[in-house]
Structures are given as structure tokens and as C-alpha cells.
Ligand code: FES
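Residue numbers (the working numbering): 5 to 170.
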């Protein structure tokens with residue numbers, strides 16, 4: 005059983021959920037089941053809307069990393085995956101810091117999943133530290149795809165609020 009903690013500027017606070025060991029659900033599916041509003045579109049590694057940053061509770065522990073070619077291509081386009089990251093993943097079994105939620109399956113490790121609420125964090129490309137429009141700040145506009153009815157845009161500036169809050 006792995007603990008997956010989601011955090012984002014558009015959430016009221018971190019939320020931890022359990023992923024069953026041996027389950028093959030992606031982080032995106034796990035998020036949807038728990039009303040975590042990670043933006044998404046294609047669900048197939050093609051659009052990069054579901055960009056996430058992954059932090060491992062035990063980063064030095066080797067993992068069996070499976071990066072699909074689509075995921076590698078998209079993360080490289082966004083400036084979120086370097087040649088060193090690919091070599092670390094494929095040769096040393098060390099996980100890369102950024103993934104696509106629709107491609108990443110949590111196994112038995114505890115992880116924290118961070119996302120901005122902007123699809124692909126602005127899809128701007130650029131540096132590993134975020135690049136233009138690529139940081140983990142709250143979105144100026146609500147995510148285009150937002151399935152959790154509990155959350156709704158509450159102002160023209162796109163501030164996200166829980167329907168239950170004042
Ligand atoms: S939803 Fe399109 S890449 Fe994940």
C-alpha cells in the first residue's frame with residue numbers, strides 16, 4: 005500500500021490517499037477517484053495537460069521506471085526531462101522528477117504529486133525550474149477540464165474555491 009499525497013495551489017491543502025499495491029491505476033485515475041482536480045485531456049500521453057512533479061519519500065531507493073516514448077517526447081518538449089534524467093531512469097532506475105499523470109502508475113512507494121492546476125503548466129517549454137509560465141503557481145484561469153463539481157470558478161479572475169467554502 006502506497007500513500008500518494010496530492011498538493012497544488014488550487015487545493016485547500018494536501019490530500020493523502022492510498023494506492024493499493026499491485027493495482028495498475030494511473031495517478032490520473034487515482035486523482036479522479038478522489039476528486040483531485042489534475043487537468044487532463046487525451047489520457048494517452050499525447051497532450052501533456054496532466055503534467056505533475058513527483059517527489060519520493062525515499063528518493064535514493066531504486067524504482068522500476070517505465071517511461072513511454074510518448075511521455076519522454078512530451079516531457080522533453082516541455083523542458084521537464086533531460087538526457088540525464090532519461091539515463092538515470094533507464095540505466096540506474098532512478099525516477100525523473102516530472103511525469104504525466106495519465107502515464108504514471110504508483111507502485112508501493114510513498115510519493116507526493118504536485119501540480120499547478122494549469123494544463124501542462126502553461127505548455128510553454130523551457131527550463132527545469134519551470135521556465136516561462138511553467139512554475140507551480142496558481143493558474144490565472146481555471147483548468148479547462150475540471151471534472152470535480154465540488155470546485156467551481158468563483159470570479160472572473162479564475163479563483164478556484166470549494167463549493168462548501170465561504
Ligand atoms: S492527459 Fe494528455 S498527456 Fe495525460
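Built from N, CA and C at the ideal position, the CB exists for glycine as well. This structure is a prediction, so every number in the text was calculated from the model and none was measured.
Expected contact under 8 Å - CB spacing of residue 31 and residue 56 to nearest Å: Your numbering for residue 31 matches position 27 in the chain shown. Your numbering for residue 56 matches position 52 in the chain shown. Yes, they are in contact, since the Cβ atoms of residue 31 and residue 56 sit about 7 Å apart, within 8 Å.
For residue 55, which of helix, strand or coil comes out of DSSP? If you number the chain shown from 1, residue 55 lands on position 51. Looking at residue 55 - three-state DSSP - the assignment turns out to be strand.
Do residue 103 and residue 79 have their C-beta atoms within less than 9 Å of each other? Taking the chain shown and counting its residues from 1, one reaches residue 103 at position 99. Taking the chain shown and counting its residues from 1, one reaches residue 79 at position 75. The beta carbons of residue 103 and residue 79 sit closer together than 9 Å.
Inspect the CB distances between the stretch 91-105 and the stretch 19-26 and report whether three or more fall short of 8 Å. No, they do not touch.
Classification of residue 105 by the beta-carbon crowding that lies within 10 angstroms, buried from 16 upward: Taking the chain shown and counting its residues from 1, the one referred to as residue 105 is at position 101. Buried, by the Cβ-count rule.
Look at residue 82 and residue 124 and say whether their C-beta atoms are less than 9 Å apart. In the chain shown, residue 82 corresponds to position 78, counting from 1. In the chain shown, residue 124 corresponds to position 120, counting from 1. Contact: yes.
Continuous beta strand (DSSP E) stretch holding residue 4: start and end: There is no way to answer for residue 4, as the model of the chain reaches only from 5 to 170.
Here's the rule: buried if 16 or more other CB atoms are within 10 angstroms of the residue's CB, otherwise exposed. What is residue 43? The residue given as residue 43 occupies position 39 in the chain shown. Residue 43 should be labelled buried.
Pocket of the ligand FES defined by Cβ to heavy atom distance under 7 Å: 32, 44, 45, 46, 47, 48, 49, 50, 51, 52, 53, 54, 78, 104, 105, 106, 107
Quick check on DSSP: helix, strand or coil for residue 110? By 1-based counting over the chain shown, the position of residue 110 is 106. The answer is coil: DSSP assigns residue 110 none of H, G, I, E or B.
Flag this pair as yes or no: are the beta carbons of residue 100 and residue 58 separated by less than 9 Å? Start at 1 with the first residue of the chain shown, and residue 100 comes out as number 96. Start at 1 with the first residue of the chain shown, and residue 58 comes out as number 54. Contact flag set, yes.
Expressed to the nearest angstrom, what Euclidean distance is found between the alpha-carbon atoms of residue 75 and residue 107? Position 71 of the chain shown, counting from 1, holds the residue named residue 75. Position 103 of the chain shown, counting from 1, holds the residue named residue 107. For residue 75 and residue 107, the distance between alpha carbons rounds to 7 Å.
Would you say the beta carbon of residue 64 comes nearer than 8 Å to a heavy atom of the ligand MN? The ligand content of the structure shown is limited to the ligand FES, which means the ligand MN is not among them.
Any beta strand (DSSP E) of 3 or more consecutive residues that is wholly inside the stretch 56-109: 102-104
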